[in-house]
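J.: Residue numbering for the sequence shown follows numbering that gives the first Met the number 0, starting at 0 and increasing by one per position. Backbone N, C-alpha and C define an ideal beta-carbon position, used for all residues, glycine too. My structure is below; once you've seen it, I'll send some questions.
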Amino acid sequence: MNFTVNRFTMYEAAKNIAKVALTNSPIPELNEVLIECNEDTGEVFLTATNHEVSIQYKLAASVEETGSILFNPQQLANIMQKTDGEFITLTSDKQNTLKITNGRCKYQFICLPSKGYPKPIMPFPEESIIMTGVCSLARKTIFAVSKDEHKPALQCVKLSFKNNAVHAAACDGLKMMLVKESADPTVEREFLLPGYSLQMLASIADDTDVFEVSDIGKEIVFVRGDMIFTIKKMLIGEFIDITKVISNIKPKYSAITEATKIKEALNLMSTAAFMGNIKVPINLVLSNGEIILRCDGDYSQASTTVPGNVIQNTPETGFYYDISALIKLFQVVCGKVKFEIDAKGYMLIKTRTEVYFQIPISKPVRRVDPIKKKVVNKSSQSEQEGEIKKNNSAKGAEDVKEVA
Numbered sequence: 000m001n002f003t004v005n006r007f008t009m010y011e012a013a014k015n016i017a018k019v020a021l022t023n024s025p026i027p028e029l030n031e032v033l034i035e036c037n038e039d040t041g042e043v044f045l046t047a048t049n050h051e052v053s054i055q056y057k058l059a060a061s062v063e064e065t066g067s068i069l070f071n072p073q074q075l076a077n078i079m080q081k082t083d084g085e086f087i088t089l090t091s092d093k094q095n096t097l098k099i100t101n102g103r104c105k106y107q108f109i110c111l112p113s114k115g116y117p118k119p120i121m122p123f124p125e126e127s128i129i130m131t132g133v134c135s136l137a138r139k140t141i142f143a144v145s146k147d148e149h150k151p152a153l154q155c156v157k158l159s160f161k162n163n164a165v166h167a168a169a170c171d172g173l174k175m176m177l178v179k180e181s182a183d184p185t186v187e188r189e190f191l192l193p194g195y196s197l198q199m200l201a202s203i204a205d206d207t208d209v210f211e212v213s214d215i216g217k218e219i220v221f222v223r224g225d226m227i228f229t230i231k232k233m234l235i236g237e238f239i240d241i242t243k244v245i246s247n248i249k250p251k252y253s254a255i256t257e258a259t260k261i262k263e264a265l266n267l268m269s270t271a272a273f274m275g276n277i278k279v280p281i282n283l284v285l286s287n288g289e290i291i292l293r294c295d296g297d298y299s300q301a302s303t304t305v306p307g308n309v310i311q312n313t314p315e316t317g318f319y320y321d322i323s324a325l326i327k328l329f330q331v332v333c334g335k336v337k338f339e340i341d342a343k344g345y346m347l348i349k350t351r352t353e354v355y356f357q358i359p360i361s362k363p364v365r366r367v368d369p370i371k372k373k374v375v376n377k378s379s380q381s382e383q384e385g386e387i388k389k390n391n392s393a394k395g396a397e398d399v400k401e402v403a
């Protein structure tokens, strides 16, 4: 193998491939990137897989000898980043020795042979749907994906292409997120993507990237210019109908405010909510032009208000919600938001392109403050000692009378 390639494009490819390749697999080959070059086409291919996702980059190069070898992708990226010059040369021999040359800098490594690599099939489908904004969709939905391994369907994000829009939905059983972005699909399609795999794709892409997306049966294929990224489908059941769940909520209380103000208020409340060993839920009340947020725990208390257009007040006691989920939500939404809460506390938070659903939780039961408990115990102890002394005094008086 012998080829010369642009160092900058090689670095970008190696850096992204390192995010896919495994690092501690018992199969040594899966910890490597497969480097191939073809002197007939003048192309270099970098391929990696972890059995759930696979990635391949195609780079233009000056190839003098066809060949292939395995090498650590993170180490390859580090070399491409730290050396200088526009071009870099990679050569290998029959003893699997890889030489990397850049000006006066030379590296030499003993590598694994490429014949043992489980190379995935990287298809290039003919029919596809154009998709952009992958990073935005992933950021707004993955936080609502379940982490329960016993609920594989809820570990996924559902992508639906219909009515000139792409709809992304995620649910973990306690909260749901539905996002709608404009798109230009020619046909209707639905994909169920594991949240982990979608997050990995988003980590190597930009929102401006244009992907051709296809369903080829066992895999979903994303093609972007010089890169092919495949996600293996999970053998799971039906995904929950989030749209139907949301449509069944009948709001009774509502308010409109700015997302940034709620985000600031939640950050203030988080200091009190996460103090101690138990996470304290947040109490939300809509009242006369204000959205009141409170945290009342064993070791801390906090409250703040956010101005808003309150259309209908909630009861004075309000409702309780998981503050962690709300903090994650308001890290990804912006602009005006509308709170809609039904009589039982089921809450919808709506923006122009997102709908978020969260169920209420029970009011926390405060435990006895350890300091107060200590004081009470001391008080009880004093009372007991006093009673003993009183009894002893009475007994002593009786003894005196008896003696007299």
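What does DSSP give as the partner residues of Leu328 in its beta bridges?
T.: The partner list for Leu328 (beta bridge, DSSP) is empty, contrary to what the question assumes.
J.: Compute the Euclidean distance between the alpha carbons of Pro250 and Pro193, then round it to the nearest angstrom.
T.: Approximately 32 Å between the Cα atoms of the pair.
J.: Would you check if the distance between the CB atom of Gly84 and the CB atom of Asn95 is smaller than 8 Å?
T.: For Gly84 and Asn95, no; Cβs fall outside 8 Å.
J.: Out of Gln74, Ala169 and Phe123, state which residue places its alpha-carbon closest to the alpha-carbon of Cys110.
T.: Comparing Cα-Cα distances from Cys110 to each of Gln74, Ala169 and Phe123, the minimum goes to Gln74.
J.: How is the alpha helix (DSSP H) around Val222 delimited, first residue to last?
T.: Per DSSP, Val222 belongs to no alpha helix (DSSP H); it is in the beta strand (DSSP E), Glu218 to Arg223.
J.: Hey, quick one: how far does the alpha helix (DSSP H) through Lys262 stretch, first residue to last?
T.: Here the alpha helix (DSSP H) through Lys262 covers Ala258 to Ala272.
J.: Specify the secondary structure class of Cys104 as computed by DSSP and reduced to three states.
T.: The answer is strand: DSSP assigns Cys104 an E or B state.
J.: Compare the C-alpha of Lys337 against each of Ile348, Lys81, Thr304 and Phe356 and name the closest.
T.: Ranking Ile348, Lys81, Thr304 and Phe356 by Cα distance to Lys337 puts Ile348 first.
J.: Which stretch, first to last residue, makes up the beta strand (DSSP E) that contains Gln73?
T.: Careful: Gln73 lies outside any beta strand (DSSP E), inside the alpha helix (DSSP H) at Pro72 to Lys81.
J.: From this set, Ala201, Leu173, Arg138 and Phe123, which residue's C-alpha is nearest Asn15's C-alpha?
T.: Ranking Ala201, Leu173, Arg138 and Phe123 by Cα distance to Asn15 puts Ala201 first.
J.: Is it the case that the stretch 202 to 213 contacts the stretch 118 to 134, given that we only count it when at least three CB pairs across the two stretches are under 8 Å?
T.: Yes, they touch.
J.: Does Ala143 come out as helix, strand or coil in the three-state DSSP assignment?
T.: DSSP places Ala143 in helix when its eight states are reduced to three.
J.: Count the other CB atoms within 10 Å of the CB of Glu237; is the residue buried (16 or more) or exposed (fewer)?
T.: Glu237 comes out exposed.
J.: Near Ile219, which residues of its chain fall below 6 Å by C-beta distance, leaving aside the five closest residues on each side in sequence?
T.: Taken in chain order, the residues that qualify are Phe190 and Ile230.
J.: Would you mind stating whether Tyr412 and Gln357 have Cβ atoms separated by less than 8 Å?
T.: Any answer about residue 412 is impossible in this case: the structure gives the chain only from 0 up to 403.
J.: What's the C-alpha gap between Lys371 and Thr304?
T.: Low local confidence applies: a pLDDT of 48 at Lys371 is under 50, so the model's placement there is unreliable, with the coordinate-based value given in what follows. So the alpha carbons of these two residues sit roughly 30 Å apart.
J.: Smallest Cα separation from Ala168: which of Lys161, Leu177, Asn162 and Phe160?
T.: Residue Leu177 is the option with its Cα nearest to Ala168.
J.: Between which two residues does the alpha helix (DSSP H) carrying Arg6 extend?
T.: Per DSSP, Arg6 belongs to the alpha helix (DSSP H) from Arg6 to Ile16.
J.: Below 7 Å CB to CB, which residues in the same chain sit around Pro122 once its five sequence neighbours on both sides are set aside?
T.: Excluding sequence neighbours, Pro122 sits near Ile215 and Val220.
J.: In chain order, what residues of the same chain lie with their CB nearer than 7 Å to the CB of Ile68, ignoring the 5 residues before and after it?
T.: Around Ile68: Met0, Ile34, Ser91, Asn95, Leu97, Cys110 and Ser113.
J.: If you drop the 5 nearest sequence neighbours on each side, which residues of the same chain put their C-beta closer than 6 Å to that of Val309?
T.: Only Ala254, Leu285 and Gly288 meet the Cβ criterion.
J.: Give the range of the beta strand (DSSP E) segment to which Leu58 is assigned.
T.: It spans Val52 to Glu64 - the beta strand (DSSP E) in which Leu58 sits, taken as one unbroken run.
J.: How far does the beta strand (DSSP E) with Ile215 in it extend, from its first residue to its last?
T.: Unbroken run through Ile215: none, as it is neither H nor E.
J.: Quick one: using the 10 Å Cβ neighbour count with 16 as the cut-off for buried, is Ser159 buried or exposed?
T.: Result: buried.
J.: State the CB to CB distance for the pair Thr3 and Phe108, rounded to an integer number of angstroms; the pair is presumed to be in contact (CB under 8 Å).
T.: About 18 Å; that fails the 8 Å criterion.
J.: To the nearest angstrom, how far is it from the Cα of Lys161 to the Cα of Asp225?
T.: Each residue's alpha carbon lies about 27 Å from the other.
J.: How is Lys243 classed by DSSP in three states: helix, strand or coil?
T.: Reduced to three states, the DSSP call for Lys243 is helix.
J.: Measuring alpha carbon to alpha carbon, tell me which residue in Val331, Ala342, Phe329 and Ala324 is nearest Thr316.
T.: Minimum Cα distance to Thr316 is reached at Ala342.
J.: On the DSSP bridge list, what partners appear for Tyr320?
T.: Paired residues: Ile281.
J.: If you follow the alpha helix (DSSP H) that Gln198 is in, where does it begin and where does it stop?
T.: Gly194 to Ser202 is the span of the alpha helix (DSSP H), which, as asked, contains Gln198.
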